[in-house]
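Chains as they are written, first to last, in our numbering: chain A, 165 to 443; chain B, 165 to 443.
Right, dumping it as structure tokens:
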């Protein structure tokens with residue numbers, strides 16, 4: 165599991181790096197970003213994974229997410245994977261919401277996607293091991309967050325792996341792929357028409373089926389163009405209420421789906437994770 | 165002086181807007197960004213102008229500059245103009261360091277540049293009047309900053325207009341166009357070979373010729389690839405020392421020329437300006 169350093173930049177008293185490696189899970193080269201605050205020699209820091217939304221690479225949040233000040237303050241390593249396999253031999257779709265840039269954090273079972281679109285395996289297993297082997301992280305202290313499709317990824321990965329993530333949050337997540345057009349298209353395409361199989365990739369269904377988190381933070385803008393048709397935050401409200409699961413789901417007046425929204429609440433999320441990761 | 169709103173996004177308890185207008189100074193449409201923190205009805209806020217560097221538009225700092233948290237905290241309006249006129253009828257150069265994206269904040273006198281490349285007039289006169297007429301600013305409380313070519317712009321505009329700017333700072337500025345390849349190319353092209361005319365566009369020459377600022381903050385990364393050949397911070401050190409002009413010029417270990425550097429020190433600069441603008 166060797167890494168190639170693409171770039172490093174000094175930032176906020178730490179190092180913002182970009183790295184690439186040959187991924188076993190996806191069978192492609194994968195690129196990701198890691199921010200490491202300066203720390204005492206030999207120290208191991210907690211790590212927060214951020215899963216990006218549709219159309220994004222590792223670079224969007226790295227450039228616009230404004231996480232470094234808070235990560236430096238709290239001593240948290242911040243990891244930003246890509247949203248899909250890339251490369252000329254990776255199949256794609258004409259839409260922005262399927263194929264490259266839209267891996268949906270699933271293990272595809274349908275052709276031609278199954279060969280490379282194994283983003284669940286990549287983010288759940290390969291990447292954390294790679295991070296643990298190559299960066300000064302205490303892998304017992306992992307948190308996970310994400311935006312939109314990446315919020316869906318964060319919620320479902322954490323719900324499927326009880327106890328692995330000490331903290332879970334999301335920005336404007338897709339809360340139920342079973343109940344929105346983005347989810348219908350992606351899950352039909354990647355894992356087929358049998359909706360029983362979709363439940364492992366649906367935060368609301370996972371909660372209804374018994375999965376629990378000790379705590380959860382979600383921010384959602386009220387002026388988000390995707391709220392009504394795709395994100396449907398109210399379904400998560402209903403799911404956690406029915407399950408009596410602790411969750412803080414905040415509707416943020418006037419905010420949209422952009423990085424202007426994400427960056428506004430990023431420091432809050434990093435602090436929230438740090439409190440749990442450093443507990 | 166009517167404005168057209170291109171976009172607005174809620175961010176950090178304020179509004180990040182992008183606007184365009186027909187500029188008299190440049191004879192083109194000009195686009196700029198303004199961040200306005202929420203404020204009491206009828207309040208007038210201080211304003212900080214940020215001049216960008218080579219190749220940038222208004223968007224680079226808007227996306228990567230991380231100024232909104234500090235501006236919201238201190239109640240400062242932040243204005244980001246473009247770096248040159250744009251459009252099909254605007255002449256350009258093959259290099260990234262001349263023509264479009266490289267106006268150098270001068271009034272060009274040489275053809276074919278003179279018609280549109282009047283960025284000094286635009287930034288010194290037209291834009292502040294436009295901002296004063298359309299945003300809740302107290303135009304008596306203006307500060308100015310910028311990066312690289314924009315740091316040059318901020319320093320020279322402030323030095324040429326004593327008393328107008330209550331605060332002046334720069335990130336990795338070109339301190340002496342008379343003494344670097346970027347300056348040689350741009351000033352020869354825009355205003356001709358007579359170097360006497362260049363002194364109005366050279367911070368070190370302006371100081372040597374008697375211009376003074378009450379105070380100045382400059383940050384410069386020690387790992388900046390352009391430091392030795394183009395930026396030459398030591399010339400500014402020498403100029404302010406010879407003039408006995410107060411200035412805080414900080415060499416920042418390991419930082420480069422990128423927005424990772426700028427964003428790291430942005431909150432410091434905004435706070436420094438706010439202290440003087442709110443005094």
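Glycine included, every Cβ here is placed at the ideal spot set by N, Cα and C.
N- and C-terminal bounds of the beta strand (DSSP E) containing residue i
i: residue 241/A; result: 241-245
i: residue 195/B; result: 193-201
i: residue 183/B; result: 178-186
i: residue 214/B; result: 209-215
i: residue 170/B; result: 168-175
i: residue 317/B; result: Here residue 317/B belongs to no beta strand (DSSP E); instead the alpha helix (DSSP H) covers 313-324.
i: residue 428/A; result: Not the beta strand (DSSP E): residue 428/A falls in the alpha helix (DSSP H), residues 423-441.
Residue-chain proximity (residue i, chain A), Cβ-Cβ < 7 Å
i: residue 180/B; result: yes
i: residue 176/B; result: yes
i: residue 173/B; result: yes
Beta carbon proximity, residue i to chain B, threshold 7 Å
i: residue 422/A; result: yes
i: residue 439/A; result: no
Unbroken alpha helix (DSSP H) run spanning residue i, endpoints
i: residue 294/B; result: 291-298
i: residue 248/B; result: Residue 248/B -> no alpha helix (DSSP H), and no H or E assigned at all.
i: residue 404/B; result: 397-407
i: residue 301/A; result: Residue 301/A -> not in any alpha helix (DSSP H); beta strand (DSSP E) instead, spanning 301-310.
i: residue 343/B; result: Taken as a continuous stretch (DSSP letters only), residue 343/B belongs to no alpha helix (DSSP H), as it is neither H nor E.
i: residue 371/A; result: 367-372
i: residue 472/A; result: Residue 472/A lies beyond the stretch modelled for chain A, which goes from 165 to 443, so this question has no answer here.
i: residue 235/B; result: 232-238
i: residue 189/B; result: It is not in any alpha helix (DSSP H) - residue 189/B carries neither H nor E in the DSSP assignment.
i: residue 223/B; result: 223-228
Per DSSP, cross-strand counterpart(s) of residue i
i: residue 381/A; result: 333/A and 412/A
i: residue 274/B; result: Answer by DSSP bridge pairing: none, since residue 274/B is not bridged.
i: residue 266/B; result: 263/B
i: residue 282/B; result: 271/B
- Task: Pair every Cβ in the stretch 197-209 of chain A with every Cβ in the stretch 238-245 of chain A, then say whether three or more of these pairs are closer than 8 Å.
- Result: yes
The stretch 283-293 of chain B / the stretch 261-272 of chain B touching (three or more Cβ pairs under 8 Å): yes
Q.
Using a Cβ-Cβ cutoff of 9 Å, what residues of the stretch 403-437 of chain A are near chain B? List them in chain order.
A. 416, 417, 418, 419, 420, 422, 423, 424, 425, 427, 428 and 431
Anything in the stretch 225-243 of chain B with a Cβ closer than 8 Å to a Cβ of chain A? List those residues in chain order, please.
227, 228, 230, 232 and 233
- Message: Can you pull out the residues from the stretch 187-213 of chain A whose beta carbon lies closer than 7 Å to at least one beta carbon of chain B?
- Response: none
Exercise for the section: Could you please tell me which residues of the stretch 280-314 of chain A, in chain order, have their CB closer than 7 Å to any CB of chain B? Expected result: none
*Closer than 8 Å, Cβ to any Cβ of chain B: which residues of the stretch 383-396 of chain A, in chain order?*
385 and 387
Does the count of Cβ pairs from the stretch 314-325 of chain A and the stretch 287-304 of chain A closer than 8 Å reach three?
yes
Exercise for the section: Evaluate contact between the stretch 375-395 of chain B and the stretch 354-363 of chain B, counting only Cβ atoms and requiring at least three cross-stretch pairs below 8 Å. Expected result: no
Quick check: the stretch 196-204 of chain B against the stretch 253-270 of chain B, are there 3 or more CB pairs under 8 Å?
-> no
query: Counting pairs of Cβ atoms below 8 Å between the stretch 421-440 of chain A and the stretch 331-339 of chain A, do you hit three or more?
result: yes
Would the stretch 368-378 of chain B and the stretch 306-317 of chain B be scored as touching if the rule is three or more Cβ pairs under 8 Å? no
| request: Indicate whether the contact test is met: 3 or more Cβ pairs, each with one atom in the stretch 377-385 of chain A and one in the stretch 411-423 of chain A, closer than 8 Å. | output: yes
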